[in-house]
Amino acid sequence: MNNPDFSLYLITALLPLSAFLLVIQVNPFHALVIRGILGAIATLVYAILGAGDVALTEALMGTLLAITLYVIAVRSSLVMKLGVLETDFQKETQASISTEEKEKKDLFLLIISNFKKIIRKYYLRLELLSYKDINNLEKALQEKEVHGICFPINNNIKNNENLDNKNLYETIFRIERLYEIISQENSNVETNLSYVNIKQNKEEN
Amino acid sequence: MNIILVIMILTLLIPIYQGWKDEDIWQKMLAVASISSKTAILILFISVLRDDWMIAIVGVIILTVGNAGFMLLAQVIKRVTTEN
Amino acid sequence: MSYFLIIFGLILWLWGTSYLLSKRSPLYKLHSLSVSDTLGSIAIVMGLLWKIPREWPLLVLAIISLAIWNTMLGYVLAYCSSSNKSNTVDE
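Protein chains in written order, with this note's numbering: chain W, 10 to 214; chain C, 234 to 317; chain Y, 27 to 117.
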């Protein structure tokens, strides 16, 4: 230990380095894992500078508790809740299913996977909530249980407006930002999109 | 002894670089687990060099609780990523 | 003797951590990393124990907790990452 300062400086230099790595992370989960690195190095620095109590607090509160709580918080907040009908939600296909029904189911699955693909770029998760019929679905949207609803368009409406077969499903969002994100990639969504402002109860688009 | 300390710090730099570079979250978790045990051993090493009981106790507690905490974190992250 | 143990542990650390840089699967890295981290750390702590036997209770505690917790952490990480892998394959 002829020159104890040198290694001390070296260890202390690790702290801003890991803090910089933490700041440049984009994905929230990756940032939380890097926060683990930062916490470990901060503990090391505090301990070798002689502050054992601070180091212990950093390890227990700052690293352990904060990261676990933040993972749970990020997981439950970065989610897009989409209400769907129960008939669409059932994944297993019966043997006595008509070809039209099967096409419809395939379309629904395609829509859902497209949604997942789009919102994954924004690190969001898709959570599907199933409701019994269309009235319950709209009630859930009104009461802000879900961020958006996705349901098949009625047959008679389809005949009246002479829609092509592609747009069998209608999707309504009550969050403007989500509507913007999805409608930016409108070409590969394969559903009708609309945005409704719940507060004034006025439908746009 | 100082040279050994410097080599230990250089070894610590490898998982930091890896955790920064790699995109997969499990590779990052591996790097973090490695770093946490390495820092705990470093704390123990320095405490023995300085003959300081207080820091040694801190090092042992961090070694035990830190590993347990990362097990918890791994379980939570697994829940999150498998649902996607 | 204590220097020999510490340097042996350091070599194990360097060897195991260098596998992190390769582009292998997490399981392979985990294997080498857990071996090197656990054994290398135990070697270093044994070297310290040899050097200063006065602090034996803490160092023995450190060795025990290293042996138990690092193995368990390795197992949990392997379980999590492998189950994640199989799920993505299924999809």
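Just so you know, even glycine gets a beta-carbon here, dropped at the ideal spot from N, CA and C.
For ALA69/Y, the CB contacts under 6 Å within the same chain, skipping 5 residues up- and downstream, are LEU31, PHE34 and GLY35 in chain order. Our two residues, LEU146/W and GLU112/W, have alpha carbons roughly 23 Å apart in a direct line. ALA68/W and ASP284/C have their C-alpha atoms spaced approximately 22 Å apart. Every alpha helix (DSSP H) of 4 residues or more that sits fully in the stretch 262-317 of chain C is shown, in chain order, as 286-316. For ILE276/C, the closest alpha carbon among the candidates GLY71/W, LEU17/W and THR72/W is that of LEU17/W.
For a cut-off of 8 Å, the C-beta gap from THR244/C to LEU40/Y is around 6 Å, short enough to register as a contact. Cβ atoms of PRO248/C and ILE279/C stay farther apart than 8 Å, at about 19 Å.
Here DSSP, grouped into helix, strand and coil, assigns VAL42/W to helix.
Listed along chain C are VAL313, each with a C-beta nearer than 7 Å to that of ARG84/W. For SER28/Y, same chain residues with a beta-carbon under 6 Å away, outside a window of 5 residues either side, are GLY73, TRP76 and LYS77 in chain order.
Within the same chain, Cβ atoms closer than 6 Å to the Cβ of GLN251/C are found at ALA264, the five residues on either side in sequence being excluded.
8 Å or more divides the Cβ of ALA93/Y from the Cβ of VAL71/Y. With respect to SER107/Y, LEU65/Y sits apart: the two C-beta atoms are not nearer than 8 Å. A direct Cα-to-Cα measurement between GLY302/C and LEU73/W gives close to 6 Å. In the DSSP assignment, GLY157/W is bridged to LEU91/W and PHE182/W.
Bounds of the alpha helix (DSSP H) holding GLU147/W are 143-151. Judged by their CB atoms, ILE295/C and VAL42/W are not nearer to each other than the 8 Å cut-off. Neighbours of VAL239/C in chain W, taken as residues whose beta carbon is under 8 Å from its own, are PHE15, SER16 and LEU19 in chain order. For the pair VAL309/C and VAL80/W, the CB atoms are nearer than the 8 Å cut-off. Rounded to the nearest whole angstrom, the CA to CA distance from SER62/Y to GLU194/W is 48 Å. The beta-carbon separation of SER67/Y and ILE274/C, rounded to 5 Å, stays under the 8 Å limit for a contact. DSSP, reduced to helix, strand and coil, places ASN123/W within a helical segment of the structure shown. Secondary-structure assignment with DSSP links ASN235/C through no beta bridge to anything. In this structure VAL102/Y is in contact with MET304/C, their Cβ atoms being roughly 5 Å apart against a cut-off of 8 Å. Taking a C-beta cut-off of 8 Å against chain Y, the contacting residues of the stretch 285-298 of chain C are TRP286, ALA289, ILE290, GLY292, VAL293, LEU296 and THR297, listed in chain order.
Judged by DSSP secondary structure, SER51/Y falls outside any beta strand (DSSP E); it is assigned neither H nor E.
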